[in-house]
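This report concerns only the one structure given below.
In our numbering, the protein residues as written are -14 to 743.
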């Protein structure tokens, strides 16, 4: 190592010997960087870095145990390192561990207990994983074979205090020529930025200035007689000149007024009291302006106005600024382009080619199309846009969102982007999956013919797993990983109880919502998700070891019942899947409903359907949720042709909707499969009840007299009779939700067992 130190021209070096062919640590530094060694072992080197601008912070070079039976020792070691110092902390190195399944690419998934154990250790240490720029994996095994495995074993974890000192820190994955590990580069200080031309942007913090109205009026008057575009330009120029004088450093102004208040706080004369009040007023003004300044850049549109969240918005804006930077692009010749002007030219050429009209004559095609738009329709479509339409469009936009230069909102492009642009399918981003019944040679041939990449089917499509295997918990473990990553990214942000509540309800609870609307997730996975969010709610301090004063079951109660209004994920999952059943039952002519019917119940209805042989996980989930609907629905009787007497809810009494006869089944078995139609016929035709017996061999009078049916059922039948006699037209039977029949307005779907309603 001494020879390497001299070759690299470093001044100091500390090296730990290897164990066999693995392990070994070394750190080198120059005299320009002041460092002192705290302690070291075969698995770590602890040093303290003295930064003139940022102050002292701790750097730990770490190597985790590669053996799985020693991973718990590595996690405990990480916790021990946490307690060695209270300085801002950065730990970097080869952890030999994965935080989630996304950190691995290969045939077999990483054991979930290893991911959970490492995550718990990171949580206990209150560390945040720095995003890795470049290739997502740092270690490779069996390169060039069909069993290649890639993992992200190397990373940098930092405390919230360290991240606050170095908000622009970057972790870059470099290229290695020989090693199976890729080197990673941690840049603490930001790179030298290029100077960009200043473009006018309205600052929300200007709204707190008293003379903002006068500036706008002056700019508007200067553009008198011009069109709206030029008047807005004049107003923008006026605001830009005025804004340069108002561009202040909020922190310095706040500290100055705080010092003024502290100096004149204990004074009693009128002059000092007035000075204190003026400083207090200016202090509050600059606090509000600072929050508005960072809020506009944070783009946290879900957070409403309330307490000052300046530090939170600052961290959010810093994160957004790191993500949205484009430092390099590849042009059509596959060359890497850098620099602002070169990047702009590459982007301009790309979109110019993208939106360029395709060649070819359109007249022969248009002559064969029959016009469908009348002259009246054309006149209405060609009418100029009214001021009211413009006002509605502007007021529907979020205040912190900016429309494009042409005025179109983002939804317009999202809905018809492909059709409007004429963009062709990108085969380089497409994938194909083959079953095991096809030979490997045939798979490769088809993949080459189609020009798409052959994958193993372990990815996701439209946010859902491509293949759901037998171990459902491992298949959907990525949901828990996403929730953990979001929680971990918030560790550096000071959140109050109200802020945590907003985060949980608006962000964390929304992550599994889409998957829960399709599949019934394993109960054990849902329990782990609820425990994870519960820990985030009650968590506190650096080790996140505070007491959980309430279980998630109690926290999921409404606030008026003593809870916090959080979501019961088990009930929510059942309700969301039951909504799919509801859609299939009420929209039987849709394509997906026809597919399910042809596959699972071709000769029966949705209510009578069975689970079937070898059902898909989607159908298994939907079928399990049907009881939620049956517990909350009741037939609205039309002609009675779709209703059976003994199997379905049709009685109109509040206590019971099903016929519950006390007799044995064999005594009453002739009613089990009979349609409600002959009964309805008998109830509406008091003069000729023999029609019932002629159709189905059952005496309607005997039923109406209570053929072994209890008094509750008789009351329900008489109620049905009265309704049918008052009906002039025989309508189709409907199965609505019970509260809809009562006229109640429901907005959330669920069932009696879940405590939710549609």
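Using N, Cα and C, we set each Cβ at its ideal position, and we do this for glycine too.
These figures come from a predicted structure and were not determined experimentally.
Going by beta carbons, residue 62 and residue 45 fall outside the 7 Å limit. With contacts defined as CB atoms closer than 7 Å, residue 73 and residue 42 qualify as a contacting pair. Taking the Cα positions, residue 159 is about 6 Å away from residue 169.
If you compare the alpha carbons of 455, 142 and 165 with that of residue 154, the shortest gap goes to 142.
Within 10 angstroms of the beta-carbon of residue -6 lie fewer than 16 other beta-carbons, which makes it exposed. DSSP places residue 611 in the helix class (H, G or I) of the three-state scheme.
Each of 317, 128 and 135 was checked against the Cα of residue 120, and the nearest Cα belongs to 135. The bridge partners DSSP lists for residue 24 are 31. Residue range 554 to 571 is occupied by the alpha helix (DSSP H) that includes residue 555. Per the DSSP secondary-structure output, residue 45 pairs in a beta bridge with 31 and 76.
Bounds of the alpha helix (DSSP H) holding residue 334 are 325 to 339.
Within 10 angstroms of the beta-carbon of residue 140 lie 16 or more other beta-carbons, which makes it buried. Taking 4 residues as the shortest admissible run, the stretch 95 to 139 contains the following complete alpha helix (DSSP H) segments, listed from N- to C-terminal end: 97 to 109.
Following the DSSP letters along the chain, one finds residue 469 in no beta strand (DSSP E) but inside the alpha helix (DSSP H) bounded by residues 462 to 474.
The Cβ atoms of residue 237 and residue 249 do not sit closer than 7 Å to each other.
For residue 144, the beta-bridge partners assigned by DSSP are 112. Looking at the backbone, the Cα of residue 608 and that of residue 93 are separated by about 30 Å.
When DSSP states are grouped into helix, strand and coil, residue 488 belongs to the helix group.
With 16 or more other Cβ atoms inside 10 Å of its own Cβ, residue 28 counts as buried. Here residue 14 is bridged, per DSSP, to -3. Look at the beta carbons and you see the stretch 454 to 461 touching the stretch 498 to 509: at least three pairs across the two are nearer than 8 Å.
Minimum Cα-Cα distance from residue 240 among the listed residues 578, 538 and 268 corresponds to 268. DSSP places residue 321 in the strand class (E or B) of the three-state scheme. If you draw a 10 Å sphere on the C-beta of residue 499, you find fewer than 16 other C-beta atoms in it, and that means exposed. DSSP places residue 532 in the coil class of the three-state scheme, outside both helix and strand. Beta-bridge partners assigned by DSSP to residue 157: 118 and 170. Contact between the stretch 510 to 524 and the stretch 566 to 584 is absent: fewer than three C-beta pairs spanning the two stretches fall below 8 Å. Between the stretch 480 to 494 and the stretch 534 to 553 there are three or more C-beta pairs closer than 8 Å, enough to call the two in contact. Cβ neighbours of residue 125 within its own chain (closer than 6 Å, five residues either side excluded): 135 and 165.
Note on geometry: alpha-carbon atoms of residue 535 and residue 542 lie some 11 Å from one another. Burial check for residue 565: the Cβ neighbour count within 10 Å reaches 16 or more, so the residue is buried. A residue is called buried when at least 16 other Cβ atoms come within 10 angstroms of its Cβ; residue 224 meets this threshold and is buried. Residue 36 is bridged by DSSP to 40. Excluding sequence positions up to five before and after residue 469, its CB lies within less than 6 Å of the CB of 104, all in the same chain and listed in chain order.
Exclusion of the five residues before and after residue 210 leaves no residue of its chain whose Cβ lies closer than 6 Å to its Cβ. Under the DSSP assignment, residue 362 falls in the alpha helix (DSSP H) whose first and last residues are 360 to 366.
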